[in-house]
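Here the structure is laid out as structure tokens; the discussion comes afterwards.
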Amino acid sequence: MTCREVVELMTDYLDGFLSPADRARFEDHIHGCDGCRAYLAQLRTARSLIGRAADEPVPEPLKAELMNAFRSWKSS
Amino acid sequence: MLFSSRTPWPEEPSTYPGPRVVREPTDPDLEALRSKDEAAFEALIGRYHGPMMRLAMTYLRDRGAAEDAVQETWLTCLKTLDRFEGRSSLKTWIFGILLNVARSRRRKESRILPFTSLFRREGGDDRGPTVDPRRFGKDGMWSTPPDSWSNVPETRLLDRETGEKVKAAIEQLPSKQREVVILRDVAGFEADEVCALLSISQANQRVRLHRGRASVRKTLEEYLR
Ligand SMILES: [Zn+2]
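Going down the list, the sequences are from chains A and B.
The first sequence begins at 1 in the numbering used here and counts up by one.
The second sequence begins at 77 in the numbering used here and counts up by one.
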């Protein structure tokens, strides 16, 4: 496997979609390749930073409207 | 119509072995909503607000329009909760409603807005390498390998400016990659849940996720250099 091929398999690797044989070849390559290890670490970091985009407070006016709607739903 | 006849989750396969399993409502969020627990509702809208906004902005032109879609989604959830059968998780059900709401609002928007302001980078390129080929030698091995980010201080990775960069990078993705990246990595859905929500194949899901994450990585690499 070349680095050029390995980088395109990384999402499948992280998701566990590689066949056992491909996974073994992938891991063999990664163990001997600083560049691909760095790339995989970067992809993992990118994934977790993307996850931080989930942190966003509900704006107060929207929250107030939704809670009002909930209360009238509750009492209906 | 918010609900098409096609539900956003798959039917049980007809070859399903054994008796039909009626899923008991063991989801604590669902239990709390059904018992009209106000604090639980408040926690739920807080927890899903970021992912819902990101997803709505895939379809709608600005934050205001996205907020309206999120609001309509919650109102629809309350109104139709007693019809929710628990065939999917509560979370999948909520995001399925949001997809319907946002798509239907976009259809209305597209009638009043100039064509070019929507549909930017609509389809997206699903082929070709995700890493600049010039970074590899003739043998396919790195000639310009990536830097390790282990010496980038964590405070920098987690600061506000990096966060804004990442959000901007997500918004620049072609919409089909963007919705998969948001559902997987922002909303935290599993691959098969995303396939069901978007009615796409596993192969499509994987290609779009891979290309989307690779683009965000590239933006970060340039930014953190
Ligand atoms: Zn390599």
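We treat Cβ as the ideally placed atom computed from N, Cα and C, and that holds for glycine.
Original post:
Hey, is Ile30/A's beta-carbon within less than 8 Å of any beta-carbon in chain B?
Top reply: The residue given as residue 30/A occupies position 30 in the first sequence. Chain B, which has no Cβ nearer than 8 Å to the Cβ of Ile30/A, makes this no.
Original post:
Which whole-angstrom value describes the C-beta separation of Leu285/B and Arg260/B, a residue pair presumed to lie in contact below a C-beta threshold of 8 Å?
Top reply: By 1-based counting over the second sequence, the position of residue 285/B is 209. By 1-based counting over the second sequence, the position of residue 260/B is 184. Indeed they touch by this definition, with Cβ atoms about 6 Å apart.
Original post:
In chain order, what residues of the same chain have a beta carbon less than 6 Å from the beta carbon of Tyr299/B, not counting five sequence neighbours either side?
Top reply: By one-based count along the second sequence, residue 299/B stands at place 223. Around Tyr299/B: Lys241.
Original post:
Phe212/B bridges to which residues according to DSSP?
Top reply: Within the second sequence, numbered from 1, the residue matching residue 212/B stands at position 136. Its beta-bridge partners are Trp218/B.
Original post:
Going by Cα to Cα distance, which pick from Leu131/B, Ser275/B and Arg187/B is closest to Leu174/B?
Top reply: To locate residue 174/B, count along the second sequence from 1; it is residue 98. For the residues Leu131/B, Ser275/B and Arg187/B, the minimum Cα distance to Leu174/B belongs to Leu131/B.
Subject >> Inter-residue CB distance, Arg282/B and Asp15/A (contact presumed, cutoff 8 Å) >> reply: Taking the second sequence and counting its residues from 1, the one referred to as residue 282/B is at position 206. Taking the first sequence and counting its residues from 1, the one referred to as residue 15/A is at position 15. Arg282/B to Asp15/A, Cβ: 7 Å. Contact.
**OP:** Report, in whole angstroms, the separation of the C-beta atoms of Val207/B and Ala245/B, which I expect to be a contact under 8 Å.
**Re:** Against the second sequence, residue 207/B aligns to sequence position 131. Against the second sequence, residue 245/B aligns to sequence position 169. Not really, about 16 Å apart at Cβ, beyond 8 Å.
Subject >> Residues that Gly302/B contacts on chain A, provided the C-beta gap is smaller than 8 Å >> reply: For residue 302/B there is no data in the structure shown, the boundaries of chain B being 77 and 301.
Original post:
Which term fits Ala115/B, buried or exposed, when burial requires 16 or more other beta carbons within 10 angstroms of its beta carbon?
Top reply: Counting from one through the second sequence, the residue named residue 115/B turns up at place 39. Result: exposed.
**OP:** For Ser164/B, count neighbouring Cβ atoms within 10 angstroms of its own Cβ and tell me buried if that reaches 16, exposed if not.
**Re:** In the second sequence, counting from the first residue as 1, residue 164/B sits at position 88. Looking at its Cβ environment, which holds 16 or more other Cβ atoms inside 10 Å, Ser164/B is buried.
Original post:
How would you list, in chain order, the residues of chain A whose beta-carbon sits under 9 Å from the beta-carbon of Glu148/B?
Top reply: By one-based count along the second sequence, residue 148/B stands at place 72. Those within 9 Å of Glu148/B in chain A number zero; the least Cβ separation is about 11 Å.
Original post:
Which of the residues in the segment 13-28 of chain A, read from start to end, lie with their CB under 8 Å from any CB of chain B?
Top reply: Asp15 and Phe17
Original post:
Going by other Cβ atoms of all chains shown within 10 Å of its Cβ, with 16 needed for buried, is Gln278/B buried or exposed?
Top reply: For the purposes of this step, residue 278/B is taken as residue 202 along the second sequence, with counting starting at 1. Gln278/B should be labelled exposed.
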